[in-house]
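Participant: Just passing along the structure, written as C-alpha cells.
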Amino acid sequence: MLDYRLDEETEALRTTVREFAREVVAPQIGEFYERDEFPTAIVRQMGELGLFGLPFPEEYGGGGGTYFDLCVALEELGRVDSSVAITLEAGVSLGAMPIFRFGSEEQKQRWLPRLCSGQALAAFGLTEAGGGSDAGATRTTARLDGGEWVLNGSKSFITNSGTDLTELVTVTAVTGTRADGSKEISAIAVPSGTPGFVVGKRYSKVGWNASDTRELSFTDVHVPAENLVGERGRGYAQFLSILDEGRIAISALSVGLAQGCVDESVRYAGEREAFGRPIGANQAIQFMIADMEVRASTARLAYYRAAERMLRGEPFKREASIAKLYSSEVAMDNARAATQVHGGYGFMNEYPVGRFYRDAKILEIGEGTSEVQRMLIARDLGVG
Amino acid sequence: MNIVVLVKQVPDSGTQRSLDPSDNTVARAGADNVVNEIDEYAIEEALTVKEAQGGEVTVLTVGPASATDAIRKALSMGADKAVHVVDDAIHGSCAIQTSAILAAALQQMEYDLVLTGATSTDGQVAVMPALLAERLGIPQVSGAQKLTVEGSTVKVNRQTDGGYWALEAPLPAIVSTWDTINEPRYPSFKGIMAAKKKPVETKSLADLGIDPSTVGLASATSSVLDFAGRPPKGEGVKVNDEGDGAQKFVEYLASQKIV
C-alpha cells in the first residue's frame, strides 16, 4: 500500500498556513529581516493558529496532531520565509519537546499550555563555544546546593532564547563525574529573568536574520532542584533521542525553501521581459526551473518517507538523515539557481530569493552537518 | 441568538476561471474552488456576534457535493453546524431559483440574523439578500461595514461611496457585508480538528418541498447564451516625436474622449 495523499485535516492545515504565510508573513518579513528584528506579532499569530501546539496532546493545550502536521506547517512557512519557520521548529522541537518527553507531570502542566499556545517560547541550551555535538566538551556546570541547582557557564547560538516571548531555557550542564571518569550531563530548566542568567546580544548572522539567536551566560544561577528535566545524568542522551525527528523537521523547512525558489522563479520568468519576450521563453531558464522543481519534489518525498516511518513507530534514523542531507543540499542548489534566474535583481534584498540564498546555507550545517549525515548513513549501512 | 450565514463556493478569483462550454455554467472541475471571499467576512461577523452575545452559527450553502470543502472551512473558522442543500437538479439555477431554494431551507431553520457577503465573485449578481428578504418577509440591510446587535435590533453602518448610512432593523433580518467590516480569522488547527466532528445536514429538493422542474438550467429565468475570453491587449499607438509629439499625443487623447 502506497499512499502519500494527506488526510483532510492536514490538507486544511497546509492551506491555512499557506494563506497565512502569503498574506501575513510575506508582505512584512523583509523589513524585519533588514532590521535584524524578531517579528513578535507574527509569531503570536502563529501561536493563535495553534502551530506551536501541533504535535502535542490536547490535555497540555496542544492540537492533538502529529509531528508530520508540524512538518507540513514548516514547509509552507519555509516556502515564504525561513526565519519564522525556524522559530516554530526550534520552539517545538527544542523548546517544548524536551519538557513533553522528559519533564515531570508538574513541569508539563506548568509550562506546556503556554508553550503550545505560542504565548511563551522555550529554548534549548546545548551548544557551547568549545563544541556543538561533542558532549564531552560541555563546560557549563550545575551543582546541588541546599535543594537548588547552581549553574555556571555559557552557551552559544541559542535560538529563541532572548525574545519578548521567551520564558524558559533548558540547559545542559555537567552535574558530576561518572565512575568511568566521564562527565555526567543533565538538563535543567532555567526560567528567563533568573538572577545571574544573562541573555547576550543577538548575533549578526548571514541568514535567518529575523530569528532570535543569542549567547547566554550563567553566573551562580540558582533554580530549584525540581527544575531537573528528565533523569540526572541523561541530559545528553535525552537530547540525542529527539535529534532524529528534528532532522525531519529541518528537511521539511528545506523543502519549503526549495519550493519557494520555484514559486519565485516561475513568477519572475513570466513577468520579466528581455529582447521582447518573457525570459521564461528561453529554454535555458525553463530547464533551470524544471530542475528546481524536480529537486524540490524528490526532497519532499524523502521527508514524507522519513515521517511515515516515524509515525508508524518504525526505525527512521537513516531516512531522517537522508531527508535532511538531501533536502538541505537541494535548498542550497535551488537558491543558487533561483538567484541566477533573477539576474541582478536576485542580488537585491528586496526580492525574496536574495533572502532564500542567505538562508539556505545554514540548512547544510544546523541539526547535524551534511558530513555528519553522510557519516551516519554510511555507518547505518555497515560501512566504516 | 441563531445566526445563519449563507456561504457560496466559487472558483478562486485569483486564478484563471472559465465557463463550461457544454452548457455555459461556471466551470468547477479543475478549478481551485474556495469560499466566496466576501462570505468569509460574513462568517467572521457571525462569529464576532456569537462571541459577544452567545448563540449558534449555522452555515447554509447550496452547491454540489464538493461544496463540503467550503462548509468545512466555515466550520473550522468556528461555525457550529451546517446545512448543505445538494441536488443534481439545481445545476445551472439562476439567482431567483436559488433564492427559492435558500428561502425554503431557511424556513426550516431557526434564525434571528441572516448574514452573507454582498456579492459573489463568480456570478456577481448581488441580489440574493434582497430576493431572500422579499421571499421571507424580513428586512434587508445591504453592504454593512459595521454591525452591532442590541436586543432585538440590528444596527448597521451601510457603506456608501461618500461614507455610510446608519440604519437599524428589527430582527429577524438579513444583512450583507462588505470586506471593510472586519478581518476574517484563519482557522486554527484546533478549529480544523473540531470541524470534522460538527454536524452537517444534507437536504435535497424533496426535503425542501421544491419541485425539481422549477429549478435548474432548463427553467432558469436567465442563462448565459454565449461567452468569450477577454480580447488580448492591443498593440497600442506609437507616436514618433518629430517636434509635434505633444500635439499628436493630445489629439490621440481627445480622439479617445479621454480629454
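Sequence order for the protein chains is A and B. Last residue of the first sequence? That's 1114 in the numbering used here, and every number before it is there in order. Last residue of the second sequence? That's 265 in the numbering used here, and every number before it is there in order. Cβ atoms here follow ideal geometry from the backbone N, Cα and C, with glycine treated the same way. Please read these numbers as outputs of a predicted model, since none were measured by experiment.
Which value, in whole angstroms, describes the spacing of the CA atoms of Glu749 (chain A) and Ser912 (chain A)?
Facilitator: Approximately 51 Å, taken between the alpha carbons.
Participant: Which value, in whole angstroms, describes the spacing of the CA atoms of Thr746 (chain A) and Gly780 (chain A)?
Facilitator: Distance between the alpha carbons of Thr746 (chain A) and Gly780 (chain A) is about 11 Å.
Participant: May I have the straight-line CA-CA distance separating Ile972 (chain A) from Asp1110 (chain A), to the nearest angstrom?
Facilitator: Going from the Cα of Ile972 (chain A) to the Cα of Asp1110 (chain A) covers about 18 Å.
Participant: Counting only Cβ pairs nearer than 7 Å, list the residues of chain B close to Phe1086 (chain A).
Facilitator: The contacting residues do not exist; Phe1086 (chain A) stays about 23 Å from chain B at best.
Participant: Between which two residues does the alpha helix (DSSP H) carrying Leu842 (chain A) extend?
Facilitator: Run containing Leu842 (chain A): 835-846, per the alpha helix (DSSP H) assignment.
Participant: For chain B, is any of its Cβ atoms less than 8 Å away from the one on Leu743 (chain A)?
Facilitator: Yes, because at least one Cβ of chain B sits closer than 8 Å to the Cβ of Leu743 (chain A).
Participant: Against chain A, with Cβ distances strictly below 8 Å, would Ile49 (chain B) count as a contact?
Facilitator: With 8 Å as the cut-off, Ile49 (chain B) does not count as an interface residue toward chain A.
Participant: Output, in sequence order along the chain, the residues in the stretch 190-208 of chain B whose CB is closer than 7 Å to any CB in chain A.
Facilitator: Correct list: Tyr192, Pro193, Ser194, Phe195, Lys196, Ile198, Met199, Lys202.
Participant: If you measure beta-carbon to beta-carbon, which residues of the stretch 1067-1085 of chain A are closer than 9 Å to chain B?
Facilitator: Answer set for the stretch 1067-1085 of chain A: empty.
Participant: Given a cut-off of 8 Å on the beta-carbon distance, is the pair Gly808 (chain A) and Arg977 (chain A) in contact?
Facilitator: Not in contact: Gly808 (chain A) and Arg977 (chain A) (Cβ atoms no closer than 8 Å).
Participant: Give me the subset of the stretch 965-999 of chain A whose CB atoms are less than 9 Å from a CB atom of chain B, sorted by chain position.
Facilitator: Cβ contacts with chain B: none found.
Participant: Which of the three DSSP states is assigned to Lys14 (chain B) in this structure?
Facilitator: Lys14 (chain B): coil per DSSP, three-state reduction.
Participant: Does the count of Cβ pairs from the stretch 149-161 of chain B and the stretch 750-757 of chain A closer than 8 Å reach three?
Facilitator: Flag = no, the stretch 149-161 of chain B and the stretch 750-757 of chain A do not touch.
Participant: To the nearest angstrom, how far is it from the Cα of Cys100 (chain B) to the Cα of Val133 (chain B)?
Facilitator: Distance between the alpha carbons of Cys100 (chain B) and Val133 (chain B) is about 11 Å.
Participant: Out of B:Leu231, B:Ala106, B:Val11, state which residue places its alpha-carbon closest to the alpha-carbon of Lys56 (chain B).
Facilitator: Ranking the options by Cα distance to Lys56 (chain B), first place goes to B:Val11.
Participant: Check distances from the C-beta atoms of the stretch 67-87 of chain B to those of chain A and list, in chain order, the residues that come in under 8 Å.
Facilitator: Correct list: Arg78, Lys79, Ser82.
Participant: Taking 8 Å as the threshold (C-beta atoms), are Phe1077 (chain A) and Asp974 (chain A) in contact?
Facilitator: It is not a contact, given that the beta carbons lie outside the stated cut-off.
Participant: Determine the closest residue to Thr1028 (chain A) out of A:Lys838, A:Thr857, A:Val1060, A:Gly963, with distance taken between C-alpha atoms.
Facilitator: The candidate whose alpha carbon is nearest that of Thr1028 (chain A) is A:Val1060.
Participant: Would you please state the rounded distance, in angstroms, between the beta carbons of Pro145 (chain B) and Ala172 (chain B)? I believe it to be under 8 Å.
Facilitator: With a Cβ gap of about 15 Å, Pro145 (chain B) and Ala172 (chain B) do not count as contacting.
Participant: In angstroms with no decimal places, state the Cα-to-Cα distance between Ile1092 (chain A) and Asp799 (chain A).
Facilitator: Ile1092 (chain A) and Asp799 (chain A): Cα-Cα distance of roughly 23 Å.
Participant: Find the residues of chain B that neighbour Leu779 (chain A), judging by a C-beta separation of less than 7 Å, and give them in chain order.
Facilitator: Within 7 Å Cβ-Cβ: Tyr192, Ser194, Phe195.
Participant: Here's the rule: buried if 16 or more other CB atoms are within 10 angstroms of the residue's CB, otherwise exposed. What is Arg997 (chain A)?
Facilitator: Exposed is the call here.
Participant: For the stretch 172-239 of chain B, list the alpha helix (DSSP H) runs that are entirely contained and at least 4 residues long, ordered along the chain.
Facilitator: Segments of the alpha helix (DSSP H) lying fully in the stretch 172-239 of chain B: 195-201, 211-214.
Participant: Could you please give me the residues that DSSP links to Arg932 (chain A) through a beta bridge?
Facilitator: According to DSSP, which records beta bridges pairwise, Arg932 (chain A) is partnered with A:Arg944.
Participant: Can you find the residues in the same chain that come closer than 7 Å, C-beta to C-beta, to Gly123 (chain B), ignoring five residues on each side of it along the sequence?
Facilitator: For Gly123 (chain B), where only same-chain residues beyond five positions count, the Cβ hits under 7 Å are Asn42, Ile44, Asp45, Tyr47, Ala48, Ser182, Thr183.
Participant: Going along chain B, which residues have a C-beta under 7 Å from Glu739 (chain A)?
Facilitator: Going along chain B in sequence order, the residues near Glu739 (chain A) (Cβ under 7 Å) are Ile198, Met199, Lys202.
Participant: Less than 8 Å between the C-beta atoms of Ala853 (chain A) and Ile829 (chain A), yes or no?
Facilitator: Against a cut-off of 8 Å, the Cβ pair of Ile829 (chain A) and Ala853 (chain A) comes out as no contact.
Participant: Quick one: any contact between the stretch 948-961 of chain A and the stretch 1048-1068 of chain A, if contact means 3 or more CB pairs under 8 Å?
Facilitator: Judged by Cβ distances under 8 Å, the stretch 948-961 of chain A makes no contact with the stretch 1048-1068 of chain A, as fewer than three pairs qualify.
Participant: Could you check the C-alpha separation between Ala95 (chain B) and Leu53 (chain B) for me, to the nearest Å?
Facilitator: Straight-line Cα distance between these residues: approximately 32 Å.
Participant: Using a Cβ-based criterion (distance less than 7 Å to any ligand heavy atom), does Leu845 (chain A) qualify as near the ligand MN?
Facilitator: In the structure shown, the ligand MN is absent, as is every other ligand, since no ligand is present at all.
Participant: For Met731 (chain A), does the count of other Cβ atoms within 10 angstroms reach 16, so buried, or fall short, so exposed?
Facilitator: Label assigned to Met731 (chain A): exposed.
Participant: Is the distance from the Cβ of Asp118 (chain B) to the Cβ of Pro178 (chain B) below 8 Å?
Facilitator: Yes.
Participant: Taking only beta-carbon atoms, is Leu784 (chain A) less than 8 Å away from chain B?
Facilitator: Chain B, which has a Cβ nearer than 8 Å to the Cβ of Leu784 (chain A), makes this yes.
Participant: Using CA coordinates, which residue listed in A:Leu874, A:Val985, A:Leu824 is at the minimum distance from Ser891 (chain A)?
Facilitator: Nearest option by C-alpha distance: A:Leu824.
Participant: How should Gly833 (chain A) be labelled, buried or exposed, when 16 other C-beta atoms within 10 angstroms of its C-beta is the threshold for buried?
Facilitator: Flag for Gly833 (chain A) reads buried.
Participant: Based on Cα-Cα distance, which residue from A:Lys885, A:Val810, A:Glu738, A:Glu778 lies nearest to Thr751 (chain A)?
Facilitator: At residue 751 (chain A) the sequence reads Ala, which differs from the Thr that was named. Ranking the options by Cα distance to Ala751 (chain A), first place goes to A:Val810.
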